Amino acid sequence: MGEDKFEGAGGTPGGVGQFFGGLLMAGVGTYLFLNQVQVHTAWGNFFGFNSFGLSLVPLLVGVGFLFFNGKSIVGMILTFLGFGIIVAGILMNLDIYFKPTSLYNTLFMLVLLAGGLGLIIRSLKPRKADQQPTE
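Be aware that the sequence shown starts at 12, since it is given in this note's numbering, and climbs by one per residue.
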């Protein structure tokens, strides 16, 4: 029988330790960075009036079509379009703020994140024959 060789991250030989080390670094850096972010939202106005009710119209009409005929293409399109309008409206009205923190903490978070991503990408590259551990 043929000898099965262990393949590492991304199907390349080696790099498993680098991958998990980078994943840990990137995870910690992402957590610390996102912990400093505050997100606020309020439904906006459209031409001076509250537009939330108006954004529900395509969704409700689409759902009505689907209750009448479950295979209605128009109902499916209107339902997905209405849902997309609501999600887009929420995302467009987000206010994102970065909490005050020291430069050291900010650099620490960003270096962990960037270094971790760099290690993950590096672990996916195949190693040359002279870099392989010998048995």
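Backbone N, C-alpha and C define an ideal beta-carbon position, used for all residues, glycine too.
From a predicted model like this one, the values you see are computed outputs, not experimental measurements.
How far does the alpha helix (DSSP H) with residue i in it extend, from its first residue to its last?
{"i": "Gln29", "result": "27-46"}
{"i": "Ser66", "result": "63-79"}
Compute the Euclidean distance between the alpha carbons of residue i and residue j, then round it to the nearest angstrom.
{"i": "Leu65", "j": "Ser83", "result": "22 Å"}
{"i": "Val85", "j": "Leu70", "result": "11 Å"}
{"i": "Ile97", "j": "Phe63", "result": "8 Å"}
{"i": "Gly129", "j": "Gly33", "result": "7 Å"}
{"i": "Leu77", "j": "Ile88", "result": "10 Å"}
{"i": "Ser134", "j": "Ile101", "result": "38 Å"}
{"i": "Leu105", "j": "Phe79", "result": "36 Å"}
Using 10 angstroms around the beta-carbon of residue i, count the other beta-carbons present and answer buried if the total reaches 16, otherwise exposed.
{"i": "Ala125", "result": "exposed"}
{"i": "Ile131", "result": "buried"}
{"i": "Ala99", "result": "exposed"}
{"i": "Thr52", "result": "exposed"}
Do residue j and residue i count as a contact pair if the criterion is CB distance below 8 Å?
{"i": "Leu67", "j": "Gly40", "result": "no"}
{"i": "Phe109", "j": "Val48", "result": "yes"}
{"i": "Leu43", "j": "Met120", "result": "yes"}
Taking only three categories from DSSP, how would you classify residue i?
{"i": "Thr112", "result": "coil"}
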